[in-house]
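Reading through the structure tokens given below for one structure.
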Amino acid sequence: MKQPVDPKVDGLFRYRIDLAYDGTDFNGWAKQPGQPSVQAEVLRALATIFGDSKTDFDMRVAGRTDAGVHAEHQVVHIDLSASQLRRIGRSRELADRLNTLLPKSIRIHSMQPAAAGFDARFSATSRRYRYRIADRPTAQNPLQARYVLWVRYPLDEAKMHQAAQQLIGLHNFVAYCKPRAGSTTIRQVREITVSRNKQHADMLEIELEADAFCHNMVRAITGALIKVGVGDLEPERLGELLNATKRAGEFKVVQPHGLTLIEVNYPAESEFAAQADKTRKMRTLDEKEGLTE
12 MKQPVDPKVD
22 GLFRYRIDLA
32 YDGTDFNGWA
42 KQPGQPSVQA
52 EVLRALATIF
62 GDSKTDFDMR
72 VAGRTDAGVH
82 AEHQVVHIDL
92 SASQLRRIGR
102 SRELADRLNT
112 LLPKSIRIHS
122 MQPAAAGFDA
132 RFSATSRRYR
142 YRIADRPTAQ
152 NPLQARYVLW
162 VRYPLDEAKM
172 HQAAQQLIGL
182 HNFVAYCKPR
192 AGSTTIRQVR
202 EITVSRNKQH
212 ADMLEIELEA
222 DAFCHNMVRA
232 ITGALIKVGV
242 GDLEPERLGE
252 LLNATKRAGE
262 FKVVQPHGLT
272 LIEVNYPAES
282 EFAAQADKTR
292 KMRTLDEKEG
302 LTE
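As structure tokens, then:
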């Protein structure tokens, strides 16, 4: 089979996998001892085809979704040895073969040789999430209960949208995150919209795009916007909290089931390696000077 122009990473061959999943029955993306996870299921299927791997095929994911969070479009990469590569057969059949080994809540859309320099996590330029909320009884469809948060009070989406615009840009989002040791809470938010679903006016959708999101960030921002929408939090408070030095306690982190990763964006193939190098550098607020995006 035809291989990519420059396929090798430390002597291994890199492949990109695009997939989707219903996160309801999983304890998040990342594998954990004794807990069901999306990654564990995917690794199990890969091991059946390529043989066991002590390094988990050096798998790296674009966004580590939390327990109960879904993905319409997730991206990972894996590295295969030459001997594992010989087991592939025809590349176009890989997704179908993997899907026969996976639960129906996980679907592989494609598995293809990656272009030179590609890294599923570090080459990404942005991620986009959607959070869905039903704020009227008529929108409480039991067939959507696994994917939509039900609230008992109407929300002012225009007020929420206006308040959310204060969060656009490069900021320290520590007030909206659960900090992790060795990680930064500085993120560049590119867009936040709050609007009604075009087919279902009783359903409200919050979409957020950023270069990356720290732990619980989307669900915390959604919790703050809900409080604005119901009138329990002044809109300007969202902007004020960008100057905070610790996590805010004025709103709750909402439940995970309304949240879906819907898109991961990458630059042109020629820029994969350079983007990965840029992403690996620790973010600082000094980048605001001269920031053009």
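As numbered in our numbering, residues 12 to 304 make up the sequence shown, in order.
Built from N, CA and C at the ideal position, the CB exists for glycine as well.
On a predicted model such as this, the values are computed, not experimentally measured, just so you know.
- Membership of HIS172 in any beta strand (DSSP E) is not indicated; the residue belongs instead to the alpha helix (DSSP H) covering 168 to 175.
- ASN183 carries a strand assignment under DSSP once its states are collapsed to helix, strand and coil.
- Annotation for ALA285: the continuous alpha helix (DSSP H) segment containing it runs 283 to 291.
- In the DSSP assignment, THR136 falls outside any alpha helix (DSSP H) and carries neither an H nor an E.
- A buried status is given to SER134, since no fewer than 16 other beta-carbon atoms sit within 10 Å of its beta-carbon.
- The segment 144 to 151 makes contact with the segment 204 to 224, as at least three CB pairs between them are under 8 Å.
- By the neighbour-count criterion, in which a residue is buried when 16 or more other Cβ atoms sit within 10 angstroms of its Cβ, TYR140 is buried.
- A distance of 7 Å or more separates the beta carbons of LYS42 and ALA31.
- Per DSSP, reduced to three states, the secondary structure at PRO124 is strand.
- Around the beta carbon of ASP36, fewer than 16 other beta carbons lie within 10 angstroms, which makes this residue exposed.
- Beyond the five residues adjoining it in sequence on each side, ARG75 comes within less than 8 Å, by CB distance, of GLY39, TRP40 and ALA41 in the same chain, given in chain order.
- With contacts defined as CB atoms closer than 7 Å, VAL86 and ALA131 qualify as a contacting pair.
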